[in-house]
Amino acid sequence: MPVQRIGAPADADVRTPEGPAELAPQVRTYGFMCIVNHGLTEAQNDRMVDIADVPFSEVPEDEQHQLLSKVRELGGE
Numbered sequence: 001m002p003v004q005r006i007g008a009p010a011d012a013d014v015r016t017p018e019g020p021a022e023l024a025p026q027v028r029t030y031g032f033m034c035i036v037n038h039g040l041t042e043a044q045n046d047r048m049v050d051i052a053d054v055p056f057s058e059v060p061e062d063e064q065h066q067l068l069s070k071v072r073e074l075g076g077e
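Residue 1 is where the sequence shown starts when you use UniProt numbering, and the numbers rise one by one after that.
Quick look at the structure:
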């Protein structure tokens with residue numbers, strides 16, 4: 001899984017116009033990334049996860065199964 005550090009001065013390039021272009025291949029390949037050094041508290045992170053889960057958990061179970069990733073079946077590729 002790609003890990004993106006955004007808090008350290010050495011990683012400040014992610015805040016430049018070129019930054020998103022550097023991140024795009026990670027997102028296209030993996031569908032997500034882990035962002036660290038963002039400065040958010042655990043409570044803020046938990047709240048974001050709760051909010052992000054609402055659209056998924058509000059749909060019927062049969063639709064949820066259509067949206068599930070096949071990571072376990074396919075591995076990391």
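Glycine is no exception: its CB is placed at the ideal position from the N, C-alpha and C atoms.
Nearest-angstrom beta carbon gap, residue j and residue i [assumed within contact, 8 Å]
{"i": "residue 78", "j": "Gln44", "result": "The structure shown has nothing for residue 78, since the chain only spans 1 to 77."}
Identity of the residue in the options nearest residue i by Cα
{"i": "Asp53", "options": "Glu42, Leu67, Leu40 and Thr41", "result": "Leu67"}
{"i": "Lys70", "options": "Thr16, Pro17, Gly31 and Ala24", "result": "Gly31"}
Residue interval of the alpha helix (DSSP H) (run including residue i)
{"i": "Val49", "result": "Glu42 to Ser57"}
{"i": "His65", "result": "Glu61 to Leu67"}
{"i": "Gly31", "result": "Element bounds for Gly31: n/a, residue is neither H nor E."}
Cα-Cα separation, residue i to residue j
{"i": "Val36", "j": "Glu58", "result": "29 Å"}
{"i": "Thr29", "j": "Leu40", "result": "26 Å"}
{"i": "Glu61", "j": "Glu42", "result": "29 Å"}
{"i": "Val49", "j": "Ala24", "result": "21 Å"}
{"i": "Glu73", "j": "Thr16", "result": "37 Å"}
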